[in-house]
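K.L.:
Chains as they are written, first to last, in the numbering used here: chain A, 49 to 399; chain B, 49 to 399. All C-beta atoms in this analysis are idealised placements derived from N, C-alpha and C, irrespective of residue type, glycine included.
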DNA sequence: CTGAAAGCGCTTACAG
DNA sequence: CTGAAAGCGCTTACAG
């Protein structure tokens with residue numbers, strides 16, 4: 049019930065007997081304030097439990113933050129990556145103008161050089177923060193080092209990079225993801241059945257983290273003392289024919305009851321099974337991509353383990369937003385839910 | 049590259065040769081503007097594709113919107129409802145002050161009177177919009193009618209009310225939810241097995257929409273020509289002992305291989321199964337509640353079908369936000385994903 | 001080291 | 001029917 053029920057900075061200025069400009073200096077930790085004044089203002093801020101008004105802040109400030117998004121380019125097997133983009137834009141448009149400038153840098157996930165080219169391009173642009181999908185390990189490490197040097201904040205999505213510490217990691221707990229699959233598989237097979245696990249990737253880097261999935265997968269069966277034989281293969285190929293050749297050969301002397309493809313390429317196997325009419329072999333994969341979903345609908349894929357790309361993008365953007373604009377603490381490790389998608393629930397999955 | 053690169057309203061005013069106050073009047077469809085002036089301004093707005101700056105709007109406006117949330121009170125079997133609350137508050141705090149005043153009106157889901165009391169209380173408060181969980185059908189209809197009369201916007205969450213049209217419905221496609229369960233069940237049982245479906249609720253109203261779940265459930269087996277016998281029961285009871293009595297009696301002459309509890313009370317059955325050591329009977333239920341999760345962890349519940357309460361709350365709030373503050377079109381029907389929660393993926397579910 | 005003043009893009013009385 | 005002016009809570013030159 050004070051007479052002068054002033055607002056934030058003004059009230060601080062009044063109580064401290066200074067101008068709001070001085071308050072602003074303290075608020076932003078700028079130089080040019082006498083130690084004594086500074087302390088006084090700081091204590092008043094604390095006392096008032098002052099929270100700046102973000103709306104006013106953004107409205108008054110001319111500062112525009114530049115964020116870059118360094119991810120795989122959209123391609124038939126990964127329309128996936130189109131989605132985080134809209135997720136981020138949605139977040140932006142929802143609440144008005146936050147003075148953010150977003151730029152996309154798409155590279156080819158099967159081409160190391162394109163990653164280098166795009167990341168170099170990005171580094172020249174004087175960007176504040178970047179969201180990266182670390183597909184190529186060493187290249188990402190170099191990139192991260194350059195970011196640190198240039199004081200660019202980076203957020204990893206999808207997978208982590210050993211011994212590199214981003215502002216935040218947004219993605220699944222990879223090992224646990226393997227366990228979820230294993231648990232589902234238990235419902236699909238009989239004890240003693242044979243399971244085939246496939247890491248299908250053109251570049252070795254990715255299979256690195258795919259192996260963690262397999263660890264989780266195998267560990268589950270050990271933990272639950274479930275008897276089954278698991279054979280796993282890294283195959284560095286990525287098209288129909290090569291898969292067919294591999295499968296033909298494999299099925300010649302093995303009889304898996306279930307196949308687990310550790311990344312988004314389950315549709316390659318599904319296609320093979322469909323062409324050969326091998327309905328009795330169960331199939332589990334990852335990733336909400338149209339080609340996978342098509343086979344899910346037809347019943348050639350039983351389960352898909354997914355994470356919402358839109359939400360992942362949103363959270364990654366939010367991490368940068370929190371850091372630069374809201375100036376709040378950012379959560380270092382943000383595990384995404386490990387979603388189970390089936391023929392019956394995929395329709396509403398992206399909602 | 050104009051000399052006068054003025055901002056929104058100012059630029060409109062300049063071009064129309066009027067003051068910004070007049071522009072404002074047109075923008076808000078207020079009276080007191082000559083038809084000719086109005087048309088001119090309108091055409092300029094269109095021409096410029098003018099989008100108001102929400103930040104400035106909220107900052108300048110003194111208007112505070114009052115939203116009410118009329119949901120079940122937190123109780124041991126539904127901590128669930130505690131969560132939408134934080135979801136909404138999170139949405140609010142994330143992007144600063146939007147001039148929204150949220151009030152909660154918790155009723156007892158087993159007590160019709162408490163709903164009436166709380167909804168009456170709410171109606172007296174001169175509220176702009178309200179989020180409602182329509183647990184009691186007729187009472188909700190009356191409430192909706194009163195809202196319409198008082199020009200209060202209402203959003204339904206969790207379930208719909210026949211022939212009542214809210215600003216938006218946020219919740220699952222109930223029939224499809226039943227289908228998802230049925231699909232999972234197929235992995236849990238053998239052909240010819242017997243399935244027991246239980247609608248456990250104290251009040252009849254709720255079981256009404258639960259019956260839709262059963263329709264979806266049964267339809268799935270018909271569609272896939274899967275042979276199994278499904279027995280379903282509406283039991284209007286809600287505690288341990290009554291469930292025990294029912295189960296004892298039922299298991300005397302029937303041998304279900306799987307039990308599907310259509311609402312959040314699967315834990316009651318789980319407890320029974322655990323106490324009797326009936327490990328061989330599979331159990332599927334709904335709702336991410338600690339009591340269900342506990343049994344999920346122990347393996348007495350195989351699957352829980354859930355929807356993220358936090359997201360549901362967030363979306364419901366967003367619907368009101370869009371309507372009142374952003375003044376955008378609101379999506380009438382917003383189906384939530386039908387999530388599958390297991391022992392292995394529940395940990396990250398709420399992230 | 002400090003302050004007065006203008007401005008961000010809107011809204012809101014108030015005056016005519 | 002219309003406009004001039006103050007203000008929302010901040011930031012940003014600029015002057016001293």
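(1) Check whether the segment 288-296 of chain B and the segment 327-340 of chain B are in contact - that is, three or more C-beta pairs closer than 8 Å.
(2) Taking the C-alpha atoms as reference points, what is the distance between residue 188 of chain B and residue 76 of chain A?
(3) Please identify, using Cβ separations under 7 Å, the residues of the segment 83-115 of chain A that lie next to chain B, in order along the chain.
(4) Going by C-alpha to C-alpha distance, which of B:234, B:357, B:305 sits closest to residue 207 of chain B?
(5) Out of B:102, B:117, B:72, which has the shortest C-alpha to C-alpha gap to residue 89 of chain B?
(6) Please list the terminal residues of the continuous alpha helix (DSSP H) segment that includes residue 340 of chain A.
(7) Ignoring anything shorter than 4 residues or poking outside the segment 255-335 of chain A, list the alpha helix (DSSP H) runs there in chain order.
(8) Quick one, which residues of the segment 379-390 of chain A are near chain B if we go by CB-CB under 9 Å, in chain order?
(9) If you compare alpha carbons, which of B:309, B:321, B:323 is closest to residue 352 of chain B?
(10) Looking only at its own chain, which residues have a Cβ that is under 7 Å from the Cβ of residue 57 of chain B, when we skip the five neighbours before and after it?
(11) Pull the bridge partners of residue 217 of chain B from the DSSP assignment, please.
(12) Rounded to a whole number of angstroms, what is the C-alpha to C-alpha distance between residue 65 of chain B and residue 147 of chain A?
(13) From which residue to which residue does the beta strand (DSSP E) around residue 248 of chain B run?
(14) Are the C-beta atoms of residue 221 of chain B and some chain A residue less than 8 Å apart?
(15) Smallest Cα separation from residue 120 of chain A: which of A:103, A:82, A:166?
(16) Fully enclosed by the segment 151-193 of chain A, which alpha helix (DSSP H) runs are 4 residues long or longer?
(17) Just checking: is the beta-carbon of residue 256 of chain B within a distance shorter than 8 Å of some beta-carbon in chain A?
(18) Whose Cβ in chain A lies nearer than 8 Å to the Cβ of residue 224 of chain B?
(19) Quick one: residues in its chain with C-beta nearer than 6 Å to the C-beta of residue 246 of chain A, no 5 flanking neighbours on either side, listed in chain order?
(20) Just to confirm, are residue 114 of chain B and residue 176 of chain B a CB contact at a threshold of 8 Å?
(21) Measure the C-alpha to C-alpha separation of residue 108 of chain B and residue 178 of chain A and round it to an integer number of angstroms.
(22) Quick check: is the beta carbon of residue 153 of chain A nearer than 8 Å to any beta carbon in chain B?
(23) Indicate whether residue 278 of chain B and residue 318 of chain B have their beta-carbon atoms separated by less than 8 Å.
(24) Which whole-angstrom value is the C-beta distance of residue 116 of chain B and residue 170 of chain B, which I expect to be below 8 Å?
(25) With 7 Å as the C-beta to C-beta threshold (strictly closer), list the residues of the segment 335-359 of chain A near chain B in chain order.
(26) Looking at C-beta atoms only, is the number of pairs between the segment 209-219 of chain A and the segment 146-164 of chain A that lie closer than 8 Å three or more?
(27) I'd like to know whether the C-beta atoms of residue 236 of chain B and residue 344 of chain B end up nearer to each other than 8 Å.
(28) Where does residue 113 of chain A sit, in a helix, a strand or coil, going by DSSP?
(29) Hey, could you find the ends of the alpha helix (DSSP H) residue 351 of chain A is sitting in?
(30) Mind checking who residue 387 of chain B pairs with in its DSSP beta bridge?
(31) Using 8 Å for Cβ pairs, my map puts residue 185 of chain A next to residue 153 of chain A. What's the rounded Cβ distance?
(32) State the Cα-Cα distance for the pair residue 375 of chain A and residue 105 of chain A, rounded to the nearest angstrom.
(33) Out of A:194, A:384, A:377, A:316, state which residue places its alpha-carbon closest to the alpha-carbon of residue 362 of chain A.
(34) Can you check which of these residues, A:192, A:266, A:263, is closest to residue 164 of chain A by C-alpha distance?
P.N.:
In terms of the structure at hand:
(1) Result no; under three Cβ-Cβ pairs closer than 8 Å.
(2) Approximately 51 Å between the Cα atoms of the pair.
(3) Only 101, 102, 103, 104, 106, 107 from the segment 83-115 of chain A bring a Cβ to less than 7 Å from some Cβ of chain B.
(4) Per the Cα distances, B:357.
(5) Taking residue 89 of chain B as reference, the option from B:102, B:117, B:72 with the minimal CA-CA separation is B:72.
(6) In the DSSP annotation of this structure, the continuous segment of the alpha helix (DSSP H) that includes residue 340 of chain A starts and ends at 338-346.
(7) The segment 255-335 of chain A contains, as complete alpha helix (DSSP H) runs of 4+ residues, the segments 288-301, 314-324 (chain order).
(8) Residues of the segment 379-390 of chain A with a C-beta atom less than 9 Å from some C-beta of chain B are 382, 383, 384, 385, 386, 387, 388, 389, 390, listed in chain order.
(9) Among B:309, B:321, B:323, the Cα nearest to that of residue 352 of chain B belongs to B:309.
(10) Non-local beta-carbon contacts of residue 57 of chain B in its own chain, meaning distances under 7 Å to residues more than five positions away in sequence, involve 68, 71, 72 in chain order.
(11) DSSP output for residue 217 of chain B lists B:204, B:381 as bridge partner(s).
(12) A straight-line Cα-Cα distance of about 30 Å links residue 65 of chain B and residue 147 of chain A.
(13) In the DSSP assignment, residue 248 of chain B falls within the beta strand (DSSP E) that extends over 242-248.
(14) It does; some Cβ of chain A falls within 8 Å.
(15) Residue A:166 is the option with its Cα nearest to residue 120 of chain A.
(16) The qualifying runs are 160-172.
(17) With 8 Å as the cut-off, residue 256 of chain B does not count as an interface residue toward chain A.
(18) Chain A residues near residue 224 of chain B: 392, 393, 395, 396.
(19) Once the five neighbours on either side are set aside, the close Cβ partners of residue 246 of chain A are 281, 309.
(20) The answer is yes: Cβ separation under 8 Å.
(21) Taking the straight line from one Cα to the other gives about 33 Å.
(22) So no, residue 153 of chain A is outside the interface.
(23) Their beta carbons are not under 8 Å apart, which means residue 278 of chain B does not touch residue 318 of chain B by this criterion.
(24) Indeed, because the Cβ distance is near 5 Å, the residues count as touching under 8 Å.
(25) Close to chain B, meaning a Cβ-Cβ distance shorter than 7 Å, is no residue of the segment 335-359 of chain A at all.
(26) Short answer: they don't touch.
(27) No, Cβ-Cβ distance for residue 236 of chain B and residue 344 of chain B is not below 8 Å.
(28) Annotated three-state conformation of residue 113 of chain A is strand, per DSSP.
(29) Taken as a continuous stretch (DSSP letters only), residue 351 of chain A belongs to no alpha helix (DSSP H), being part of the beta strand (DSSP E) at 351-354.
(30) Partner(s): B:354.
(31) At roughly 18 Å, the Cβ-Cβ gap does not stay under 8 Å, so residue 185 of chain A and residue 153 of chain A are not in contact.
(32) If you take the alpha carbons of residue 375 of chain A and residue 105 of chain A, they lie about 12 Å apart.
(33) Of A:194, A:384, A:377, A:316, the residue nearest in Cα terms is A:384.
(34) Of the candidates A:192, A:266, A:263, the one whose C-alpha sits nearest the C-alpha of residue 164 of chain A is A:192.
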